[in-house]
Every structure is written in structure tokens, then in C-alpha cells.
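Remarks on the structure that follows.
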Amino acid sequence: MSLRLGDIAPDFEQDSSAGKIRFHEWLGDSWGVLFSHPADFTPVCTTELGFTAKLKDEFAKRGVKAIALSVDPVDSHHKWIEDINETQHTIVNFPILADADRKVSDLYDLIHPNASDTLTVRSLFVIDPNKKIRLTITYPASTGRNFHEILRVIDSLQLTDNYKVATPANWQDGDEVVIVPSLKDEEEIKKRFPKGYRAVKPYLRLTPQPNR
Numbered sequence: 145m146s147l148r149l150g151d152i153a154p155d156f157e158q159d160s161s162a163g164k165i166r167f168h169e170w171l172g173d174s175w176g177v178l179f180s181h182p183a184d185f186t187p188v189c190t191t192e193l194g195f196t197a198k199l200k201d202e203f204a205k206r207g208v209k210a211i212a213l214s215v216d217p218v219d220s221h222h223k224w225i226e227d228i229n230e231t232q233h234t235i236v237n238f239p240i241l242a243d244a245d246r247k248v249s250d251l252y253d254l255i256h257p258n259a260s261d262t263l264t265v266r267s268l269f270v271i272d273p274n275k276k277i278r279l280t281i282t283y284p285a286s287t288g289r290n291f292h293e294i295l296r297v298i299d300s301l302q303l304t305d306n307y308k309v310a311t312p313a314n315w316q317d318g319d320e321v322v323i324v325p326s327l328k329d330e331e332e333i334k335k336r337f338p339k340g341y342r343a344v345k346p347y348l349r350l351t352p353q354p355n356r
């Protein structure tokens, strides 16, 4: 059964390049990005894991932990990490799950028979501190992930969790945001958004980002 937004991310215990991982315990009160790879020593995934390592500070300031998955065993992961560090000029600083028994892959519906009966598809999950799935993206094998978009969505999720706003198309941190339509009381709006707002339409009210 496919996982949907709002579902609790399945817990698991699995080997990894950083030792045994008990997922919910490892995640703790952090946000998480779990992303899968069809196999070790694949070219696009090598660039993605390297770029993820370079985003360590960006993830840290958002309270996010990254964890990858491949169906190959731990010893293969360690050899692949050496290649990633060398070719991407970084140091891999997050675990890569060794899902040789497909336990996690089955829990997260990462084996798609139309793509491969044995290899995982390239899916990504953003998981909040309550262990709820907040974003899912599945990429084709030929297209590398856009990690700037993943950071953008995390920024949006963290902002909209704390304020009664939504983020419009192509929103970037610092841009105007949308006041949610369910908020009607003008006094409450003044308290929540002291910088005011502009009503493009009664249902489309834009206000400066409130945490700025």
C-alpha cells in the first residue's frame, strides 16, 4: 500500500553505513529527509549524495537529518562513500541504509515492478518531528534531484506550520505569503500580521512573511 501525505512514516531497524539505525529513535525531534537509490556506484546518485553532504549546514539550521537508502550491503556502501568523497570533493556525513533484505523498501513502497522487480525507485520523503510524511517525490532514473526545491519545501512547511499562511507559486524564503482563506476576523488578522496585507481578491490576500 502506498504511503500518503499525513501518514506516519513506518518505523524500522536496519543496518547502515553508520551502524544499526532505529529510525524513529534516530530521528528524535528532528525533521528528516529519507531518499532512496537503486544501487551503489550509480552516477546520478553519486552526485546527489555528494550534494547532500555539502548541504549539512543548510539542513542543520532547519533541524533536518538526512538518511539515504540503497539495497546493497554495508561493505559496498563504505566503498561507494570513498568514491563519493573523492569525486564530489566532500565528506559523506549521514547514514546510508543497507537494505539488502528489502525490509525498508517494502515498508516505503520503493519497489515498483514497472521500473524493476529488484531495484528501488528514486523516491524522497520529508518527515516532520511527529513522524508524519509531509512530502513525497519520485524521480526518474535519468534526472537528478533538485535539493534547492527540497529545502524550499521544508522552509514552506516549517513556516506554514507556525502561521496561518500558505506559500504561493515559486515562493522563496522572504517573499510574500498568502493568508489562509479560513482566517476571516479582521482583528485577528491585524494581530497576526501587523505589517498589513493587500487583497488582490477577497480570497487572495498577500502579506509580508511573518517571521521576518
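Residues 145 to 356, numbered by this note's numbering, are exactly what the sequence shown covers, in order.
Cβ atoms here follow ideal geometry from the backbone N, Cα and C, with glycine treated the same way.
These figures come from a predicted structure and were not determined experimentally.
Check                                                                                                                                                                           : Outcome
Using only alpha-carbon positions, find the residue among S160, F195, S220 and N306 that is nearest to T234.                                                                    : F195
Using the Cα positions of I152 and L178, report the straight-line distance between them to the nearest angstrom.                                                                : 13 angstroms
Within the continuous beta strand (DSSP E) that includes R336, where are the two ends?                                                                                          : Where R336 is concerned, there is no enclosing beta strand (DSSP E), although the alpha helix (DSSP H) it sits in stretches over E330 to R336.
Provide the residue span of the alpha helix (DSSP H) that contains F124, from first to last.                                                                                    : With the chain running from 145 to 356 in the structure shown, residue 124 is simply not present.
Measuring alpha carbon to alpha carbon, tell me which of P239, L268, F156 and P354 ends up nearest K334.                                                                        : P354
Whole angstroms is fine: what's the gap from I211's alpha carbon to E331's?                                                                                                     : 44 angstroms
Identify the continuous beta strand (DSSP E) that holds T351 and give its terminal residues.                                                                                    : L348 to T351
Kindly give me the distance between the Cβ atoms of L301 and V309, rounded to whole angstroms, as I take these residues to be in contact under 8 angstroms.                     : Rounded, the Cβ-Cβ distance is 12 angstroms, inconsistent with contact.
Looking at S161 and I240, is the spacing between their C-beta atoms short of 7 angstroms?                                                                                       : yes
Thinking C-beta only, is V208 closer than 7 angstroms to G288?                                                                                                                  : no
Can you tell which of K275, K328 and D299 has the C-alpha that lies nearest to the C-alpha of L149?                                                                             : K275
In whole angstroms, give me the CA-to-CA distance for E169 and K345.                                                                                                            : 46 angstroms
Which runs of the alpha helix (DSSP H) spanning at least 4 residues fall entirely within the stretch 149-235, listed in chain order?                                            : 167-171, 187-198, 200-205 and 218-232
Would DSSP call S267 helix, strand or coil?                                                                                                                                     : strand
Can you list, in chain order, the residues of its chain with a C-beta nearer than 6 angstroms to that of T280? Leave out the 5 residues immediately preceding and following it. : F269
Between S267 and T282, what straight-line distance do the alpha-carbon atoms span, to the nearest angstrom?                                                                     : 4 angstroms
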